[in-house]
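2 protein chains.
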Amino acid sequence: MPEFKKRDLSDEAFEMLGEQFKAFSEPMRLKLVYSLMDGEKSVSELVEETGGLQANVSKHLRMLLEAKVVERRKQGLNSFYAIADESVFKLCDLMCNSVEDRLTADLKSFSSSA
Amino acid sequence: MPEFKKRDLSDEAFEMLGEQFKAFSEPMRLKLVYSLMDGEKSVSELVEETGGLQANVSKHLRMLLEAKVVERRKQGLNSFYAIADESVFKLCDLMCNSVEDRLTADLKSFSSSA
DNA sequence: GATATACTTTACTCTATAGTAATGTGATCT
DNA sequence: AGATCACATTACTATAGAGTAAAGTATATC
Numbered sequence: 001m002p003e004f005k006k007r008d009l010s011d012e013a014f015e016m017l018g019e020q021f022k023a024f025s026e027p028m029r030l031k032l033v034y035s036l037m038d039g040e041k042s043v044s045e046l047v048e049e050t051g052g053l054q055a056n057v058s059k060h061l062r063m064l065l066e067a068k069v070v071e072r073r074k075q076g077l078n079s080f081y082a083i084a085d086e087s088v089f090k091l092c093d094l095m096c097n098s099v100e101d102r103l104t105a106d107l108k109s110f111s112s113s114a
Numbered sequence: 115m116p117e118f119k120k121r122d123l124s125d126e127a128f129e130m131l132g133e134q135f136k137a138f139s140e141p142m143r144l145k146l147v148y149s150l151m152d153g154e155k156s157v158s159e160l161v162e163e164t165g166g167l168q169a170n171v172s173k174h175l176r177m178l179l180e181a182k183v184v185e186r187r188k189q190g191l192n193s194f195y196a197i198a199d200e201s202v203f204k205l206c207d208l209m210c211n212s213v214e215d216r217l218t219a220d221l222k223s224f225s226s227s228a
């Protein structure tokens, strides 16, 4: 059990936290964020990389934008999106590790119970 | 921009990640997790601390259990819940910091624009 | 100015889930 | 056994949002 400094959180803070997590709760949005790890990309590029429909990608990007997970730069006909915050990288790293651990754990329990 | 080691993630991994985040996407569940930071607690205690209805608390605890965020121990009439994994602490810490930063940033921009 | 391009928004259907009340379940006590 | 207690589940309503198709908007090109 690590030493954890507990903060006092208001109802508003819990709401904000929830909305932040919700931004990362859909596979499509995770794919978009993941794709943007390489750096700034246009919507067309993101559509191609994720394999989603353009309207759907656009909608999810809007949600990520409102959650301030990504930022947008318009240039000519294009909209370029990029990860807004360094903390997003940390977050993804942590979650990826967690999922990786769980996947390998599931794999182990599967093979040992077979 | 930090050096970030990008993994290859499957569709299944994105789904798992999404479900993990979804577990943390509701204020009530965050309150429960937050409350459990102190250590193991019974449902009654959690009901009292969160101010929610028993049925609702119970349902959310079930979701957290299925997401393996918490674990359950039954003893007599009581069910005791506890944080399942150390990574939950790290995750909460990171997110709390992020929200804190954003709140203070909002506060600053509010007071400087007034 | 008409047309094409890149993206956004709207309108729609469908599914998931939050909150609540009522009921069910299993352990404990008398 | 019957009552009670702690919790879980079910049934219901209401709302959010995911995916899709169609229409809208703004910028560039001819």
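Listed in order, the protein sequences are those of chains A and B.
Per our numbering, the very first residue in the first sequence carries number 1; after that it's consecutive.
Per our numbering, the very first residue in the second sequence carries number 115; after that it's consecutive.
Cβ coordinates follow ideal geometry from the N, Cα and C atoms, glycine included.
On a predicted model such as this, the values are computed, not experimentally measured, just so you know.
List, from N- to C-terminal side, the alpha helix (DSSP H) runs of 4 residues or more that fit wholly inside the stretch 45-82 of chain A.
54-66
Worksheet item: Taking 7 Å as the CB-CB limit, is serine 35 of chain A close to chain B?
Response: On the first sequence, residue 35 of chain A is found 35 positions in, with the first residue counted as 1. Taking Cβ atoms only, chain B never reaches closer than 7 Å to serine 35 of chain A, which makes this a no.
Neighbour list for cysteine 31 of chain A in chain B, Cβ cutoff strictly below 7 Å: Taking the first residue of the first sequence as position 1, residue 31 of chain A is located at position 31. Residue identity check: residue 31 of chain A is lysine in the sequence provided, not cysteine. Those within 7 Å of lysine 31 of chain A in chain B are Phe128.
* To do: Please confirm if the stretch 26-38 of chain A is in contact with the stretch 119-137 of chain B, defined as three or more CB-CB distances below 8 Å between the two stretches.
  => yes
Distance, alanine 82 of chain A Cα to aspartate 215 of chain B Cα: As a first step, residue 215 of chain B is located in the second sequence; it is residue number 101 there, counting from the start. As a first step, residue 82 of chain A is located in the first sequence; it is residue number 82 there, counting from the start. Whole-angstrom Cα-Cα distance: 20 Å.
- prompt: On the three-pair Cβ rule with 8 Å, is the stretch 178-193 of chain B touching the stretch 153-170 of chain B?
  reply: yes
So the candidates are A/Leu65, A/Arg72, A/Tyr34, A/Leu91; which of them puts its Cα closest to the Cα of threonine 50 of chain A?
Numbered from 1 along the first sequence, position 50 holds the residue referred to as residue 50 of chain A. The shortest Cα separation from threonine 50 of chain A among A/Leu65, A/Arg72, A/Tyr34, A/Leu91 belongs to A/Tyr34.
Exercise for the section: Compute the Euclidean distance between the alpha carbons of threonine 104 of chain A and glutamine 75 of chain A, then round it to the nearest angstrom. Expected result: Along the first sequence, one-based indexing puts residue 104 of chain A at 104. Along the first sequence, one-based indexing puts residue 75 of chain A at 75. Spanning the two alpha carbons is a distance of roughly 43 Å.
query = Is alanine 55 of chain A buried or exposed, if buried means 16 or more other CB atoms sit within 10 Å of its CB?
reply = The residue you call residue 55 of chain A lines up with position 55 of the first sequence. Its Cβ having fewer than 16 others within 10 Å, alanine 55 of chain A is exposed.
Name, please, each residue of chain B whose Cβ falls closer than 8 Å to the Cβ of methionine 95 of chain A. Position 95 of the first sequence, counted from the start, is the residue given in the question as residue 95 of chain A. Leu131, Gln134, Phe135, Leu205, listed in chain order.
Notebook entry, point to check: Can you check whether the CB of serine 87 of chain A is closer than 7 Å to the CB of serine 201 of chain B?
Noted result: Here the question's residue 201 of chain B lines up with position 87 in the second sequence. Here the question's residue 87 of chain A lines up with position 87 in the first sequence. No, Cβ-Cβ distance for serine 201 of chain B and serine 87 of chain A is not below 7 Å.
Note to self: Quick check on the burial criterion: 16 or more other C-beta atoms within 10 angstroms. Buried or exposed for glycine 18 of chain A?
What the structure shows: Translated into the one-based positions of the first sequence, residue 18 of chain A becomes position 18. Buried, because 16 or more other Cβ atoms sit within 10 Å of the Cβ of glycine 18 of chain A.
Does DSSP classify serine 25 of chain A as helix, strand or coil? For the purposes of this step, residue 25 of chain A is taken as residue 25 along the first sequence, with counting starting at 1. DSSP places serine 25 of chain A in coil when its eight states are reduced to three.
Practice task
Identify, in the order they occur along the chain, each residue of the same chain with its Cβ nearer than 8 Å to the Cβ of alanine 84 of chain A, setting aside the five sequence neighbours on each side.
Solution key: Along the first sequence, read from residue 1 onward, the residue named residue 84 of chain A stands at position 84. Counting only Cβ-Cβ distances below 8 Å, and skipping sequence neighbours, we find Lys68, Val69, Val70, Glu71.
For cysteine 210 of chain B, which residues of its own chain have a beta-carbon under 8 Å away from its beta-carbon, when the five flanking residues on both sides are left out? One-based indexing of the second sequence puts residue 210 of chain B at position 96. Answer for cysteine 210 of chain B: no residue qualifies.
Practice prompt. Using 10 angstroms around the beta-carbon of leucine 91 of chain A, count the other beta-carbons present and answer buried if the total reaches 16, otherwise exposed.
Written response: Walking along the first sequence from the start, residue 91 of chain A turns up at place 91. Buried: at least 16 other Cβ atoms inside 10 Å.
Task: Short CB-CB distance (under 7 Å) between serine 172 of chain B and chain A - done: If you number the second sequence from 1, residue 172 of chain B lands on position 58. No - not a single Cβ of chain A is within 7 Å of the one on serine 172 of chain B.
Check your understanding: Who are the Cβ neighbours of valine 203 of chain B in its own chain at under 8 Å, not counting the five residues just before and after it?
Key -> Residue numbering aside, residue 203 of chain B sits at position 89 when the second sequence is read from its first letter. Reading off the sequence, residue 203 of chain B comes out as phenylalanine, not valine. Only Met151, Ile197 meet the Cβ criterion.
Proximity below 7 Å, CB of leucine 94 of chain A to CB of histidine 60 of chain A:
In the first sequence, the residue the question calls residue 94 of chain A occupies position 94. In the first sequence, the residue the question calls residue 60 of chain A occupies position 60. The answer is no: Cβ separation not under 7 Å.
**Asked** Is there a Cβ from chain A that is less than 7 Å from the Cβ of glutamate 154 of chain B?
**Response** Taking the first residue of the second sequence as 1, we reach residue 154 of chain B at position 40. No, no contact with chain A.
Mind listing the chain B neighbours of valine 70 of chain A? Cutoff is C-beta to C-beta under 9 Å, in chain order. Counting from 1 along the first sequence, the entry for residue 70 of chain A is found at position 70. Neighbours of valine 70 of chain A on chain B: none; closest Cβ ~14 Å, over 9 Å.
- [ ] Leaving out five residues on either side along the sequence, give the residues of the same chain with a beta carbon under 8 Å from the beta carbon of leucine 65 of chain A.
- [x] Reading the first sequence from its first residue, position 65 is the one you call residue 65 of chain A. So the list reads Glu71, Arg72, Tyr81, once near-sequence residues are dropped.
Under 8 Å Cβ-Cβ, which residues of chain B neighbour serine 44 of chain A?
Residue numbering aside, residue 44 of chain A sits at position 44 when the first sequence is read from its first letter. Neighbours of serine 44 of chain A on chain B: none; closest Cβ ~21 Å, over 8 Å.
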